[in-house]
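**Q**
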Amino acid sequence: MLVNTANTAAIRNYLILTLSVVMVSAGLSELVNNPARIARQDRLDGYVPYVSAGLVSGAVKSVR
């Protein structure tokens, strides 16, 4: 009887863990693939050359 109860608890815990992992991964994929976030990232990526140029200019001025 004890073995059957232990197996039942192990299976229940495994199913709870599996369901939790599936739900968390689905939520994370929604966050990562959110169109608003992707558009914002594209807009930020457009500023990278300007920020890099500003950092290089500042570094050159501080070295002189």
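Taking our numbering, the leading residue of the sequence shown gets 14, the next gets one more, and so forth. Quick reminder that beta carbons are idealized off the backbone N, C-alpha and C, glycines included.
I need the DSSP call for Arg50, collapsed to helix, strand or coil.
**A** As a working note, residue 50 is residue 37 in the sequence shown. Helix, per DSSP.
**Q** For Arg77, which of helix, strand or coil comes out of DSSP?
**A** For this step, residue 77 is matched to residue 64 along the sequence shown. Here Arg77 sits in coil by DSSP.
**Q** Note down the Cα distance separating Ser105 from Ile51, rounded to an integer number of angstroms.
**A** Here the chain covers residues 14 to 77 and nothing more, so residue 105 does not appear.
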